[in-house]
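Here the structure comes first, spelled out in structure tokens, and everything after it is commentary.
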Amino acid sequence: VSFPRPTSYGVYAISDNRLIKLEQVHATPVDRRAGNQLQIVEPGRSVIAPGTLTLVLFRRDLVSNAPEKVPLHIAARVARSMNFDSAGKAVMTTPTTENWIIRDQGYNLRVSPLRENAEMVMLRSEDPEFLFPSGRYELMLGGQAYDFVVAGEVTDPAHCVEGVATVRGPV
């Protein structure tokens with residue numbers, strides 16, 4: 001398979017036969033008491049053209065610890081939040097800052113080693129014809145999120161969520 005090879009360690013997407021380095025993004029718990037749902041408040045910086053998605057990992061730890069599959073999570077924008085006014089009446093609001101929730105929904109990408117370099121693997125969908133819907137995604141590696149956006153109008157409802165304020169924190 002002919003594609004540009006990275007020359008420095010990192011996580012990359014291949015789009016239009018060029019490498020795009022994916023940036024790590026700081027994900028914080030939505031509710032620090034629970035800690036199981038992560039949010040991002042930074043905008044996505046790496047934008048990839050729609051089409052067949054291929055990712056390349058170039059990391060030292062892959063030599064002895066390459067996974068069989070890697071999760072790619074959907075990051076959904078919080079479109080509206082329900083809060084309660086002083087009388088206890090529900091009020092729908094649009095968040096003042098963009099907030100993204102890393103969902104447990106997404107895709108498992110198949111890992112294929114590259115013969116010429118044991119520190120490099122390629123990640124792809126099981127279905128070579130599958131096109132990822134437009135929207136934001138988080139590649140989760142060892143608890144760290146690598147962020148990218150597939151360009152285009154977001155039409156998949158999995159990429160949009162609504163929040164509600166509760167006495168235990170946001171949900």
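Each residue of the sequence shown is one higher than the last, beginning at 1 in my numbering. All C-beta atoms in this analysis are idealised placements derived from N, C-alpha and C, irrespective of residue type, glycine included. It should be emphasised that the depicted structure is a prediction, and the values quoted were computed from it without experimental measurement.
Would you call the CB atoms of Leu-139 and Val-70 closer than 8 angstroms? Position 139 of the sequence shown, counting from 1, holds the residue named residue 139. Position 70 of the sequence shown, counting from 1, holds the residue named residue 70. Their beta carbons are under 8 angstroms apart, which means Leu-139 touches Val-70 by this criterion.
Report buried or exposed for Gly-143, applying the criterion of at least 16 other Cβ atoms within 10 angstroms of its Cβ. Residue mapping note: residue 143 aligns to position 143 of the sequence shown, counting from 1. Exposed: under 16 other Cβ atoms inside 10 Å.
Which whole-angstrom value is the C-beta distance of Tyr-107 and Ser-125, which I expect to be below 8 angstroms? Within the sequence shown, numbered from 1, the residue matching residue 107 stands at position 107. Within the sequence shown, numbered from 1, the residue matching residue 125 stands at position 125. About 6 angstroms; that satisfies the 8 angstroms criterion.
How big is the Cα-Cα spacing for Val-161 and Asp-85? Taking the sequence shown and counting its residues from 1, one reaches residue 161 at position 161. Taking the sequence shown and counting its residues from 1, one reaches residue 85 at position 85. Roughly 21 angstroms between the two C-alpha positions.
Which ranges would you report for the alpha helix (DSSP H) in the segment 42–69 if only whole runs of at least 4 residues count? The segment 42–69 contains these whole alpha helix (DSSP H) runs: 62–65.
Per-residue burial, Val-78 [other beta carbons within 10 Å of its own, 16 or more giving buried]: Residue mapping note: residue 78 aligns to position 78 of the sequence shown, counting from 1. When all chains shown are included, Val-78 counts as buried.
Of the listed residues Gln-24, Thr-54, Arg-59 and Asp-156, nearest to Pro-43 (C-alpha basis): The count along the sequence shown starts at 1 and reaches residue 43 at position 43. Between Pro-43 and the set Gln-24, Thr-54, Arg-59 and Asp-156, the nearest pair of CA atoms involves Gln-24.
Bridge partners for Glu-129 per DSSP, in chain order? Within the sequence shown, the letter at position 129 stands for residue 129. Residue pairing by DSSP leaves Glu-129 without any beta bridge partner.
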